[in-house]
Ligand SMILES: CC(C)(COP(=O)(O)OP(=O)(O)OC[C@H]1O[C@@H](n2cnc3c(N)ncnc32)[C@H](O)[C@@H]1OP(=O)(O)O)[C@@H](O)C(=O)NCCC(=O)NCCS
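So, in structure tokens, the structure goes:
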């Protein structure tokens, strides 16, 4: 198990951090079962991921939508979305931008987003859409420090958090940070298992149960 890092300075990211943080996202997510499923061709993957995460980060940095945290050395990034009110429907430009970014791989990206949306809890919470640490700095407590910092804010507000974990190792990290696992999502066409996870509000009496979720119509952050 990783020793918690006490020397990580966390700050809110700004637009001039974007280039560096997109690289962190691309490199951190480059390998793994979800990447193999989304963009099997390694030659295409870096360019597709670069365009996709540029879109994702730009959306997160838009203060009307999200909150992006990073470290002083910009080696890590977490993109959060407050989901404390019912979300408006996705603007039609989102799908066009997704297709432009992902080209021939758009159907799987669209399916992944649609499944995440459909099984999203309706209870007020903050959603951790992405967390990534540059591969050269992983396993040293940076990810834990980054998430601890945001969890402290949520705990002060009495708000839960929700995320989808893409593998068992990440699932273990989130369990250590106070999340519990809910029913998994199984992606079709030989896709990997995704673990839906919920961290209850601080001060809740008794065990926090995973919120019931029924598939809902498609919406975006
Ligand atoms: C997941 C991630 C953000 C964790 O940040 P980190 O700084 O490496 O994590 P910490 O050092 O604070 O904690 C280590 C724990 O993170 C988890 N972890 C997941 N992937 C890891 C990796 N590639 N390297 C190290 N730890 C990883 C493990 O639970 C690990 O504990 P263990 O060593 O006992 O298995 C980071 O490893 C990463 O960017 N991974 C690739 C992208 C990713 O999977 N993001 C999450 C999507 S759900």
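Numbering (my numbering), first residue to last: 37 to 257. No residue lacks a Cβ here, since even glycine has one placed at the ideal position from N, Cα and C.
Among all the DSSP beta bridges, which residues are the ones paired with residue 114? Answer is 105 and 167.
Rounded straight-line distance, which links the Cα of residue 93 to that of residue 47: Cα to Cα, the separation comes out at about 16 Å.
What residue from 110, 73, 72 and 84 has the CA that sits closest to residue 52's CA? Residue 110 holds the alpha-carbon nearest to the alpha-carbon of residue 52 among 110, 73, 72 and 84.
Does at least one heavy atom of ligand 1 sit under 7 Å from the Cβ of residue 57? No, Cβ of residue 57 sits at least 7 Å from all heavy atoms of ligand 1.
DSSP three-state assignment for residue 183, whether helix, strand or coil: In the three-state reduction of the DSSP assignment, residue 183 falls in the helix class.
What is the rounded straight-line gap between the Cα of residue 192 and the Cα of residue 238? Taking the straight line joining both Cα atoms gives about 8 Å.
Quick one: is residue 218 buried, meaning 16 or more other Cβ sit within 10 Å of its Cβ, or exposed? By the 10 Å Cβ count, residue 218 comes out buried.
Buried or exposed for residue 205, going by 16 or more other Cβ atoms inside 10 Å? The residue is exposed, with fewer than 16 neighbouring Cβ atoms inside 10 Å.
Beta-carbon proximity list for residue 166, same chain, < 6 Å, skipping 5 on both sides: Closer than 6 Å at the Cβ level, and outside the excluded window around residue 166, lie 115.
Please report the straight-line C-alpha distance between residue 80 and residue 143, rounded to a whole angstrom. If you draw a straight line from the Cα of residue 80 to the Cα of residue 143, it is about 15 Å long.
Residues of its chain near residue 44, where Cβ-Cβ distance is below 6 Å and the 5 sequence neighbours each way are ignored: Here residue 44 has 107, 178 and 181 as same chain residues with Cβ atoms under 6 Å from its own Cβ, once five neighbours each way along the sequence are excluded.
Using only alpha-carbon positions, find the residue among 151, 56, 157 and 198 that is nearest to residue 2. Since the first and last residues shown for the chain are 37 and 257, residue 2 lies out of range.
Between residue 201 and residue 186, what straight-line distance do the alpha-carbon atoms span, to the nearest angstrom? Roughly 17 Å separates the two Cα atoms.
In the DSSP assignment, find the unbroken beta strand (DSSP E) run with residue 200 in it and report its ends. Unbroken beta strand (DSSP E) run through residue 200: 197-201.
Rounded distance between the beta-carbons of residue 199 and residue 164, thought under 8 Å: Yes, they are in contact, since the Cβ atoms of residue 164 and residue 199 sit about 4 Å apart, within 8 Å.
In the DSSP assignment, what are the bridge partners of residue 130? Residue 130 pairs with nothing; no bridge assigned.
Are there three or more Cβ pairs, one per stretch, closer than 8 Å when the region 115-128 is compared with the region 151-162? By the C-beta criterion, the region 115-128 is judged to be in contact with the region 151-162, since at least 3 inter-stretch pairs fall below 8 Å.
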